[in-house]
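Chains as they are written, first to last, in our numbering: chain A, 4 to 297; chain B, 13 to 232.
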């Protein structure tokens, strides 16, 4: 099993296979499963992702009532023809919002790598599917490329907001999505790694400070931001732009920043946006609501 | 390595809103129930750290309770766990603890039923993965991702060897093992994670060895 991004890329290049294939073979060797079982399990996860994105577009609202309906608003905006940016970009934003709104509504999603960041990867891949005319099978393979990047980040740094802030969640998701997007678009393993590094660098230091501790504000829109950042990083990598800091060193930076982030900015709902007057008002309202329910 | 599979990263398929505070919480509840070995009559759920501050928003309380009732992370009934508990007569209490835990996402679950009780502490380390860190006063580290045996025994020479010999003779490989004891010569706990599942006959055989008090088998 590869321990870092350098090993991952070396293995892919020396064997002449994509990163996704390295991940599939590692999974077979490590966990003794057949290739067919592994692909089927991932295909099932992909079906959940696709269903969640579609469901979110119809408009859902969260249990707290704080969020919901934004994916539908954006979708209507796209349909109106007044949007500024291109269709792929808009679709990625829209699916990312939709997926994370379904998550906030306690709907069924696939964590990628976490539930709070579950919109980024499907958002980007589903948008790219439309642009690049890819099959569902192609996207399932790309998920293994994303998984390989996430695997290294999780084992060498962290992927939970409580441990390392939002940089560890949406930051990781954005890096995973950028790498997968590059592979899907025909880029090289090294370009995937560069895309991951560029995406992750742009998200370093990001606090996890959700209102009232709910995975809603700013998480849902942050998924759209993570998706747009992944698109930007993938475009740069495909153009041949390299990260000046190697991917593994960026992951190390994520780790040290995560450790030094104050507790108030690590999913405790004690600082940042959660501590704003609006954040406090929501917290008070929701805790009163819960007491009344009890 | 903490994460061993690509499906730890792309996954789990779960009911939202949080992999660590909802799905991980379901997993810890589930493991506590499996370790307890039967349906509890009462469940006391103690939240520490981030769990204590944000459990309402993430539905961590609902999630732990769902796990205690045996629901999996993708079960659509998770949001209705409180009602489900009331329907089945499970008494539950939620406690917010002020103590600062080693890991921010810590929960201690005390389960009781006729003829027994058990205290299980778990941490949710991210992406839905968890570790059980304490069972009935013994510190340990259990992922719940591999089959495991928890063997409460008298701290006496030869006891560990008698257990590992049985596993060896039945071609069961140990992937992780640790032993903790309250004090020299007193109660001790060995935790053995295995690559192969351990069948009930072997558990009985282990239970018959000298100095063994109780053997719990954890299947995945």
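Heads up, the beta-carbon is just placed ideally off N, CA and C, and yes, glycines get one too.
(message) Does residue 2 of chain A pass the burial test, meaning 16 or more other C-beta atoms within 10 Å, or should it be called exposed?
(response) With chain A covering 4 to 297 only, the question about residue 2 of chain A has no answer from this structure.
(message) Counting only Cβ pairs nearer than 8 Å, list the residues of chain B close to residue 221 of chain A.
(response) As a first step, residue 221 of chain A is located in the first chain; it is residue number 218 there, counting from the start. Those do not exist, as residue 221 of chain A stays about 14 Å from chain B at its closest Cβ, beyond 8 Å.
(message) Please list, in chain order, the residues of the stretch 153-169 of chain A that have any C-beta partner in chain B closer than 7 Å.
(response) Going along the stretch 153-169 of chain A in chain order, one finds 153, 154, 157, 158, 161, 162, 163, 165 and 166 with a Cβ nearer than 7 Å to chain B.
(message) By alpha-carbon positions, which one of B:56, B:21 and B:66 ends up nearest to residue 289 of chain A?
(response) Position 286 of the first chain, counted from the start, is the residue given in the question as residue 289 of chain A. Cα-wise, what sits closest to residue 289 of chain A is B:66.
(message) If you measure between the beta carbons of residue 135 of chain B and residue 118 of chain B, is that distance less than 8 Å?
(response) Looking up residue 135 of chain B in the second chain gives position 123. Looking up residue 118 of chain B in the second chain gives position 106. Their beta carbons are under 8 Å apart, which means residue 135 of chain B touches residue 118 of chain B by this criterion.
(request) For the stretch 102-118 of chain A and the stretch 77-90 of chain A, state whether three or more C-beta atom pairs, one from each stretch, are separated by less than 8 Å. (result) A contact between stretches requires three or more CB pairs, one per stretch, nearer than 8 Å, and the stretch 102-118 of chain A fails this requirement with the stretch 77-90 of chain A.
(request) Compare the beta carbon distance of residue 120 of chain A and residue 197 of chain A with 8 Å and say whether it is the shorter of the two. (result) Numbered from its first residue, the first chain carries residue 120 of chain A at position 117. Numbered from its first residue, the first chain carries residue 197 of chain A at position 194. Their beta carbons are not under 8 Å apart, which means residue 120 of chain A does not touch residue 197 of chain A by this criterion.
(request) Give a yes or no on whether the minimum CB-CB distance between residue 295 of chain A and chain B is below 8 Å. (result) The count along the first chain starts at 1 and reaches residue 295 of chain A at position 292. Low local confidence applies: a pLDDT of 40 at residue 295 of chain A is under 50, so the model's placement there is unreliable, with the coordinate-based value given in what follows. Not one chain B Cβ lies under 8 Å of residue 295 of chain A.
(request) Count the other CB atoms, across all protein chains shown, that sit within 10 Å of the CB of residue 107 of chain B; report buried if there are 16 or more and exposed otherwise. (result) What you label residue 107 of chain B is simply residue 95 of the second chain in a count that begins at 1. So residue 107 of chain B ends up on the exposed side.
(message) Taking the straight line between their C-alpha atoms, what separation do you get for residue 182 of chain B and residue 161 of chain B?
(response) As a position in the second chain, residue 182 of chain B is number 170, starting the count at 1. As a position in the second chain, residue 161 of chain B is number 149, starting the count at 1. Taking the CA atoms as reference points, residue 182 of chain B sits about 15 Å from residue 161 of chain B.
(request) Spatial neighbours of residue 297 of chain A within its chain, please: CB distance less than 6 Å, with the 5 preceding and 5 following residues excluded, ordered by chain position. (result) The residue given as residue 297 of chain A occupies position 294 in the first chain. Confidence at residue 297 of chain A is low in this model, with a pLDDT of 36, below 50, so the placement of that residue is unreliable and no value is reported for it.
(message) Please classify residue 98 of chain B as buried or exposed, where buried requires at least 16 other C-beta atoms within 10 Å of its C-beta.
(response) If you number the second chain from 1, residue 98 of chain B lands on position 86. Residue 98 of chain B should be labelled exposed.
(request) Take residue 271 of chain A and list the residues in its own chain whose beta-carbon comes closer than 6 Å to its own, dropping the five residues that flank it on each side. (result) As a first step, residue 271 of chain A is located in the first chain; it is residue number 268 there, counting from the start. Same-chain partners within the cutoff: there are none.
(request) Quick one: give me the first and last residue of the beta strand (DSSP E) that residue 54 of chain B is part of. (result) The sequence position of residue 54 of chain B within the second chain is 42, counting from 1. Residues 54-60.
(message) Taking 8 Å as the threshold (C-beta atoms), are residue 176 of chain A and residue 257 of chain A in contact?
(response) Here residue 257 of chain A is taken as the residue at index 254 of the first chain, counted from 1. Here residue 176 of chain A is taken as the residue at index 173 of the first chain, counted from 1. Result no, Cβ atoms of residue 257 of chain A and residue 176 of chain A do not sit closer than 8 Å.
(message) Nearest by alpha-carbon distance to residue 31 of chain A: which of A:50, A:78 and A:147 is it?
(response) The count along the first chain starts at 1 and reaches residue 31 of chain A at position 28. Ranked by Cα distance from residue 31 of chain A, the first of A:50, A:78 and A:147 is A:147.
(request) Specify, as a first and last residue, the run of the beta strand (DSSP E) that residue 191 of chain B falls within. (result) Position 179 of the second chain, counting from 1, holds the residue named residue 191 of chain B. Counting along the chain, residue 191 of chain B sits inside the beta strand (DSSP E) bounded by residues 186-193.
(message) Using the three-state DSSP reduction, which class does residue 252 of chain A fall into: helix, strand or coil?
(response) On the first chain, residue 252 of chain A is found 249 positions in, with the first residue counted as 1. Helix, per DSSP.
(message) Using C-beta distances below 6 Å, list every residue in its chain close to residue 201 of chain B, excluding the 5 sequence neighbours before and after it, in chain order.
(response) Indexing the second chain from 1 puts residue 201 of chain B at position 189. Once the five neighbours on either side are set aside, the close Cβ partners of residue 201 of chain B are 150, 164 and 192.
(request) Could you pull out every residue in the same chain whose Cβ sits closer than 7 Å to the Cβ of residue 226 of chain B, ignoring the five residues on either side in sequence? (result) In the second chain, residue 226 of chain B corresponds to position 214, counting from 1. 164, listed in sequence order.
(message) Quick check on residue 231 of chain A: does DSSP put it in helix, strand or coil?
(response) Your numbering for residue 231 of chain A matches position 228 in the first chain. Three-state result, residue 231 of chain A: helix.
(message) DSSP three-state label for residue 207 of chain A, please.
(response) For the purposes of this step, residue 207 of chain A is taken as residue 204 along the first chain, with counting starting at 1. Three-state result, residue 207 of chain A: coil.
(request) Kindly indicate if chain B contains any beta-carbon less than 8 Å away from that of residue 112 of chain A. (result) Counted from its first residue, the first chain places residue 112 of chain A at position 109. Yes, residue 112 of chain A lies at the interface with chain B (some Cβ there is under 8 Å from its Cβ).
(request) With a threshold of 16 other CB atoms inside 10 Å of the CB of residue 43 of chain B, please say whether the residue is buried or exposed. (result) One-based indexing of the second chain puts residue 43 of chain B at position 31. Around the beta carbon of residue 43 of chain B, 16 or more other beta carbons sit within 10 angstroms, so the residue counts as buried.
(message) Along the stretch 82-109 of chain A, where does the CB come closer than 8 Å to a CB of chain B? Name the residues.
(response) Legend: CB atoms of the stretch 82-109 of chain A lying less than 8 Å from CB atoms of chain B belong to residues 105, 106, 107, 108 and 109.
(message) Within a Cβ cutoff of 8 Å, which residues of the same chain sit near residue 61 of chain B, ignoring the five residues on either side of it in sequence?
(response) Position 49 of the second chain holds residue 61 of chain B. Same-chain partners within the cutoff: 112, 113, 115, 116, 117 and 118.
(message) In this structure, how does DSSP classify residue 117 of chain B when only helix, strand and coil are distinguished?
(response) For the purposes of this step, residue 117 of chain B is taken as residue 105 along the second chain, with counting starting at 1. Reduced to three states, the DSSP call for residue 117 of chain B is strand.
(request) For the beta strand (DSSP E) holding residue 160 of chain B, just list the boundary residues, first then last. (result) Residue numbering aside, residue 160 of chain B sits at position 148 when the second chain is read from its first letter. In the DSSP annotation of this structure, the continuous segment of the beta strand (DSSP E) that includes residue 160 of chain B starts and ends at 160-166.
(message) Could you check whether the Cβ of residue 33 of chain A sits closer than 8 Å to any Cβ belonging to chain B?
(response) The residue labelled residue 33 of chain A in the question sits at position 30 within the first chain. Output row for residue 33 of chain A: interface = yes.
(request) Take residue 131 of chain B as the anchor and find which of B:209, B:41 and B:86 has the nearest alpha-carbon. (result) Translated into the one-based positions of the second chain, residue 131 of chain B becomes position 119. Nearest C-alpha to residue 131 of chain B among B:209, B:41 and B:86: B:41.
(request) Using three-state DSSP, classify residue 295 of chain A as helix, strand or coil. (result) The sequence position of residue 295 of chain A within the first chain is 292, counting from 1. Low per-residue confidence applies at residue 295 of chain A: pLDDT is 40, beneath 50, and the placement is therefore not dependable, though the value from the model is reported in the following sentence. Correct three-state label for residue 295 of chain A: helix.
(request) Over the uninterrupted alpha helix (DSSP H) stretch that includes residue 58 of chain A, give me the two end residues. (result) Here the question's residue 58 of chain A lines up with position 55 in the first chain. Unbroken alpha helix (DSSP H) run through residue 58 of chain A: 38-60.
(request) Check whether the Cβ of residue 269 of chain A lies closer than 8 Å to any Cβ atom in chain B. (result) Along the first chain, read from residue 1 onward, the residue named residue 269 of chain A stands at position 266. Chain B places a beta carbon closer than 8 Å to that of residue 269 of chain A, counting this residue as a contact.
(request) Compare the beta carbon distance of residue 34 of chain B and residue 72 of chain B with 8 Å and say whether it is the shorter of the two. (result) Position 22 of the second chain, counted from the start, is the residue given in the question as residue 34 of chain B. Position 60 of the second chain, counted from the start, is the residue given in the question as residue 72 of chain B. The criterion of a C-beta distance shorter than 8 Å is satisfied by residue 34 of chain B and residue 72 of chain B.
(request) Please name the residue in A:255, A:230, A:282 and A:285 whose C-alpha comes closest to that of residue 95 of chain A. (result) Position 92 of the first chain, counted from the first residue, corresponds to residue 95 of chain A. Per the Cα distances, A:230.
(request) Quick one: give me the first and last residue of the alpha helix (DSSP H) that residue 80 of chain A is part of. (result) As a working mapping, residue 80 of chain A is identified with position 77 in the first chain. First-last of the alpha helix (DSSP H) with residue 80 of chain A: 73-83.
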